[in-house]
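Number of protein chains: 2
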Amino acid sequence: MEPEDLVCYGFDASGLEAHPAAVVWPQNVSDVVKIMNFAYANGVPVIPRGAGTGMTGGAIPLGSAIVISFERMNRILDVDRENLTVLVEPGVINGKLQRELQRHQLFFPPDPTSMNFCTIGGNVAENAGGPRAVKYGVTRDYVIGLEAVLPDGKVINTGKKTAKGVVGYDLTSLLTGSEGTLAVITKIRLKTLPLPEDVITLLVLFRELEQSGTAVRDIISHGIVPRTLEFLDREAINAVENYKPVGLPRDVAAMLLIELDGAPSVINREAEQVYDICGRLGGDAVMAEDSAARNKLWESRRALSPALYHLSPSKINEDIVVPRSRIPDMLKILSRLSEETGIKIVNFGHAGDGNIHVNLMIDRNNREEYGKARKLVK
Amino acid sequence: MEPEDLVCYGFDASGLEAHPAAVVWPQNVSDVVKIMNFAYANGVPVIPRGAGTGMTGGAIPLGSAIVISFERMNRILDVDRENLTVLVEPGVINGKLQRELQRHQLFFPPDPTSMNFCTIGGNVAENAGGPRAVKYGVTRDYVIGLEAVLPDGKVINTGKKTAKGVVGYDLTSLLTGSEGTLAVITKIRLKTLPLPEDVITLLVLFRELEQSGTAVRDIISHGIVPRTLEFLDREAINAVENYKPVGLPRDVAAMLLIELDGAPSVINREAEQVYDICGRLGGDAVMAEDSAARNKLWESRRALSPALYHLSPSKINEDIVVPRSRIPDMLKILSRLSEETGIKIVNFGHAGDGNIHVNLMIDRNNREEYGKARKLVK
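Protein chains in written order, with the numbering used here: chain A, -9 to 368; chain B, -9 to 368.
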């Protein structure tokens, strides 16, 4: 392998970078055991790596680590239709698994925005969420068993094949989200759900920022749990339209991308309630007419992260979570801070979870701006 | 306190017993801290105790332990309707919480069979399941944050107030189900769901044991996920009828207690599909006409455990879990074993999870029978 090949395995979507000592591509668990034995004997750190789409630096090979890339362990091993589970290797791409399960009328809800690239192994290591978390929870809620290799090369199996299993410490949940710090995961059994019968996608446009937050609160407290409740403010909409235009209006204060799934009779009624709630708050709702229109909306949402990166490569992205009921207040505070400091702030996120990505669009090389922004983050 | 008062805190529903050194009734977290400091300094074990309804001996004060009873920490502290969460003290009775949440149109799914007595603290410590686990999962799926006191008296807070929160090791899940071995839980924040709109309860009677298992498999693989799928074999039905008659027919091979919840239009259609699936397998289905009829059926199911205990106080109860698809095979094997050994075996359980309680109705004082049964269990 040429030294320049190593460079590709030294960074991820966090923008951080480090130089790996080596990259290995195991094909099965015994390869991983050999790697771990070697690394343990020689005191070399290891970094498991999926697709490098993580925003938090989980795949950065600090300390001249050996990168264990799971590109070649990417098989779907067993779709168990009768027990509603699926067994996969860590390198399976999330979107590919979604499509394969759909063929079996099954549904794996976690849908990180990078789902067309990211791997299930990475999703498990980082306990990834996604727009659908508001209704369906995060990756951890679907991991029912793991095969993993401990630092000394010992292989462990956690969890169970059945939906129920309540005995003992929950090592499956402990490993999920542990970011590769406890063990290297080599097999994953996931719970799946029956594929929802139908989906309705609504785009709601607001003239007032705060009222979009109020709508989120009111929808949930009405007992409606949409499968997504995505929020984009005016700056976010414009960033997408500049980067990959889909025809979103640029003059609104905010938009919500709301998706309902379930039986047609139920979601039609829920959609009407959402229309009512948003309408009372001055929101304009339109329904995506077919799956093409729906996909276009979601592609625009997925383009947002690259669009913002494009706009300001050195922006600061803070991922904050507040109780849903506090979103309107938070949006007010963020507008005020932006006005006071003169720093452009772009906000978007999974509003149904109270999870907002706050992007401070600064140039890190501008010392004064950077200083102000750091202070603001604190 | 008189010595005889201690006796009540020495046993639980497991039938095991030990003598506690003392019993304490803290009223708040600082009381618990004081207890833990004292116990730590003096090397005395502590055993947190809810209502003592556990079947696995989690509340038995081995080693002359101090029993920390949560009877006086039984308040519902905060029902957060907007964020669909509730904050409780460990001593709250599960059934009481269920009723209180219902008043707010909220729903906490975990429903251990002992729900009218058991406490949420005990449910969390044991990661309790219940009939509804087939659709809604177990207690761990609803615990989003904990306040707990470590052995050295340090108070920790795990988890979060929001539905999402994916950073760091999942200490909430680690403590849930740890049976009091890691820390003493003093506050619990639970996720709740909007109350389902409607419920349909079906009783299905089968002339052939194996076909009841096939029905379970077929319902699930049809994409229908009932909120309960309870199984009782002929012996179990007769035990209930002898103990607390509700008019179940004694001559069937098995029955399923199936409950569907959700929007009326959806569950009516699902109920028809269940009728069809069961009908093809020779099952006879009847619907509970109102909530009184439904409650009667559930009271009979809940009476089963005491009924069997009454019948054979020294029975051996093994709680086994197999993949749902293997239930028919397992029932066949159990019948054969019963015939071969001459030991009466009563089976019932949460068939939707593949979870069957296998009760070997033996007299432990009969050496030969006990020996055979122990061998069988292995």
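Glycine is no exception: its CB is placed at the ideal position from the N, C-alpha and C atoms.
Predicted model only: the values in this text are computed from it and were never measured.
Interface criterion not met: the Cβ of Asp2 of chain A is under 8 Å from no Cβ in chain B. Straight across, the Cα-Cα distance linking Gly252 of chain B with Glu187 of chain B is about 5 Å.
Against chain A, the beta carbon of Ile66 of chain B has no neighbour under 7 Å; the closest one sits roughly 18 Å away. The C-alpha of Met105 of chain A lies about 21 Å from the C-alpha of Gly0 of chain A. In summary, Gln201 of chain B is buried, with 16 or more beta-carbon neighbours lying within 10 Å of its beta-carbon over all protein chains present. Using a Cβ-Cβ cut-off of 8 Å, Leu219 of chain A is close to nothing in chain B; its nearest Cβ partner there is about 11 Å away.
In this structure Thr162 of chain B is buried. Its beta-carbon is surrounded by 16 or more other beta-carbon atoms within 10 angstroms. Membership of Asn285 of chain B in the alpha helix (DSSP H) is indicated by the continuous run 281 to 301. At a cut-off of 8 Å between C-beta atoms, Arg314 of chain B counts as an interface residue with respect to chain A.
Under DSSP, His340 of chain B shares a beta bridge with B:Glu220, B:Asn345. The beta carbon of Met245 of chain B is closer than 8 Å to those of Leu193, Val194, Leu195, Phe196, Ser202, Phe221, Leu222, Ile227, Leu238 in its chain, skipping five residues each way along the sequence. Counting the other CB atoms within 10 Å of its CB gives Ser290 of chain A a total of 16 or more, which places it among the buried residues. As summarised for the segment 45 to 101 of chain A, the continuous beta strand (DSSP E) elements at least 3 residues long and confined to that stretch are 56 to 59, 66 to 70, 75 to 78, given in chain order. Per the coordinates, the alpha-carbon of Val256 of chain B lies some 53 Å from the alpha-carbon of Ile56 of chain A. Out of A:Gln92, A:Thr75, A:Lys177, the CA that lies nearest to the CA of Thr109 of chain A is found in A:Lys177. Among the residues facing chain B, Arg284 of chain A is not included, as its CB has no counterpart in that chain under 8 Å away.
Under the 10 Å beta carbon count, Arg65 of chain A is surrounded by fewer than 16 other beta carbons and is classified as exposed. Around Val145 of chain A, the same chain offers Val19, Val23, Glu137, Val139 as residues with beta carbons nearer than 7 Å, after the five sequence neighbours per side are excluded. If you draw a straight line from the Cα of Pro216 of chain B to the Cα of Glu249 of chain B, it comes to about 6 Å. Counting C-beta pairs with one atom in each stretch, the segment 254 to 269 of chain B and the segment 318 to 337 of chain B have fewer than three that are closer than 8 Å, which means they do not touch.
Counted as a single uninterrupted DSSP element, the alpha helix (DSSP H) harbouring Val256 of chain A occupies residues 254 to 270.
Here Trp15 of chain B is not near Glu79 of chain B, since their CB atoms are 8 Å or more apart. Under a 10 Å Cβ-count criterion, Asp160 of chain A is classified as buried, with 16 or more other Cβ atoms of the shown protein chains found around its own Cβ.
Taken in chain order, the members of the segment 84 to 95 of chain A whose beta-carbon sits within less than 8 Å of a beta-carbon on chain B are Gln95.
Ala253, Ser255, Val256: these are the residues of the segment 228 to 260 of chain A whose beta carbon lies less than 7 Å from some beta carbon of chain B, given in chain order.
Flagged as an interface residue toward chain A: Thr166 of chain B, by a C-beta distance shorter than 8 Å. With a cutoff of 8 Å on beta-carbon distance, Val230 of chain B and Ala297 of chain B are scored as near each other.
In this structure the segment 207 to 214 of chain B does not touch the segment 281 to 295 of chain B; the number of beta carbon pairs closer than 8 Å is below three. In this structure, the CA atom of Asn307 of chain A is about 18 Å from the CA atom of Ile50 of chain A. For the segment 69 to 82 of chain B, the set of residues with a beta-carbon nearer than 9 Å to any beta-carbon of chain A comprises Asp70, Arg71, Glu72, Asn73, Leu74, Thr75, in chain order. Nearest C-alpha to Gly85 of chain B among B:Thr75, B:Asp353, B:Pro99, B:Met351: B:Pro99.
Under the 8 Å criterion on CB atoms, Val276 of chain A is classed as non-interfacial with respect to chain B. Residues of the segment 201 to 225 of chain B that bring their beta carbon within less than 8 Å of a beta carbon in chain A comprise Arg207, Ile210, Ser211, Gly213, Ile214, Val215, in sequence order. DSSP, reduced to helix, strand and coil, places Pro10 of chain B outside both helices and strands of the structure shown, so it counts as coil. At least one C-beta of chain A is nearer than 8 Å to the C-beta of Tyr159 of chain B. Using a CB distance below 9 Å, the part of the segment 114 to 130 of chain A facing chain B consists of Glu116, Asn117, Ala118, Gly119, Ala123, Val124, Gly127, Val128, Thr129, Arg130, ordered along the chain.
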